[in-house]
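Chemist: What follows is a single structure, and I will ask about it in a moment.
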Amino acid sequence: MNKKKLKKFWNKFKLPIIVVILLGIFVVLSTLIGDKVEKDEVDNWIEETKKSQYVVTLLSQTTCSHCLAFKPVVNEVVEEYGDKFKFKVFEIDTITNTAVRNKLIYAYDIKFEGTPHLFVTYKGELLGEFENIERTKENLVEFLKDKGVLE
Numbered sequence: 121m122n123k124k125k126l127k128k129f130w131n132k133f134k135l136p137i138i139v140v141i142l143l144g145i146f147v148v149l150s151t152l153i154g155d156k157v158e159k160d161e162v163d164n165w166i167e168e169t170k171k172s173q174y175v176v177t178l179l180s181q182t183t184c185s186h187c188l189a190f191k192p193v194v195n196e197v198v199e200e201y202g203d204k205f206k207f208k209v210f211e212i213d214t215i216t217n218t219a220v221r222n223k224l225i226y227a228y229d230i231k232f233e234g235t236p237h238l239f240v241t242y243k244g245e246l247l248g249e250f251e252n253i254e255r256t257k258e259n260l261v262e263f264l265k266d267k268g269v270l271e
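In short: position in the sequence shown from 1, add 120, done, that's my numbering.
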């Protein structure tokens, strides 16, 4: 392209080019800031799991049909027995959450194969992972009893 054509192109598309560049910068900055918040949240949660109580953590996705079916089951158990343990859901929907997910996975060396993934810790030790294909209330309560969370 010669200078004349380049100048004509710039004059014609200046505003859309500037808008695209600004949107790109906004997306990159918001991703970096959001990722920092999530990492801090995970660090705080890992510290919370090291205290002397049972902690149930669920890794989930808002777009996962299995997660959407399992969340009401988990919520019902939390409503009924939530005074016996702390509970937290981490949504790991985006690519930027890979670092967040990995931090949780490596903190307890869990066998993460997908969502939903629920695990239990006590005083910073992994007690178990709920890997039951049939994610019913009865199976979840049985798992929590087996791990000593519920009596």
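C-beta: ideal position from N, C-alpha, C; glycine also.
Is the number of C-beta pairs between the stretch 234–248 and the stretch 164–173 that are closer than 8 Å three or more?
Modeler: yes
Chemist: Using beta-carbon positions only, say whether Val261 and Phe205 come within less than 7 Å of one another.
Modeler: Within the sequence shown, numbered from 1, the residue matching residue 261 stands at position 141. Within the sequence shown, numbered from 1, the residue matching residue 205 stands at position 85. Contact flag unset, no.
Chemist: Measuring alpha carbon to alpha carbon, tell me which of Tyr228, Val193 and Phe232 ends up nearest Ile212.
Modeler: Start at 1 with the first residue of the sequence shown, and residue 212 comes out as number 92. It is Phe232.
Chemist: What is the rounded straight-line gap between the Cα of Lys191 and the Cα of Ser185?
Modeler: On the sequence shown, residue 191 is found 71 positions in, with the first residue counted as 1. On the sequence shown, residue 185 is found 65 positions in, with the first residue counted as 1. Roughly 10 Å separates the two Cα atoms.
Chemist: So what does DSSP say about Lys257, is it helix, strand or coil?
Modeler: Residue mapping note: residue 257 aligns to position 137 of the sequence shown, counting from 1. Of the three classes helix, strand and coil, the one that applies to Lys257 here is helix, per DSSP.
Chemist: Who are the near neighbours of Arg255 in its chain, counting only those whose CB is closer than 8 Å to its CB and skipping five residues on each side?
Modeler: Translated into positions along the sequence shown, residue 255 becomes position 135. So the qualifying residues of the chain are His186, Ala189, Phe190, Val193 and Pro236.
Chemist: By Cβ distance below 6 Å, which residues in the same chain neighbour Lys223 in space, the five residues on each side in sequence not counted?
Modeler: For this step, residue 223 is matched to residue 103 along the sequence shown. So the list reads Val162, once near-sequence residues are dropped.
Chemist: Three-state secondary structure (DSSP) at Phe250?
Modeler: By one-based count along the sequence shown, residue 250 stands at place 130. Looking at Phe250 - three-state DSSP - the assignment turns out to be strand.
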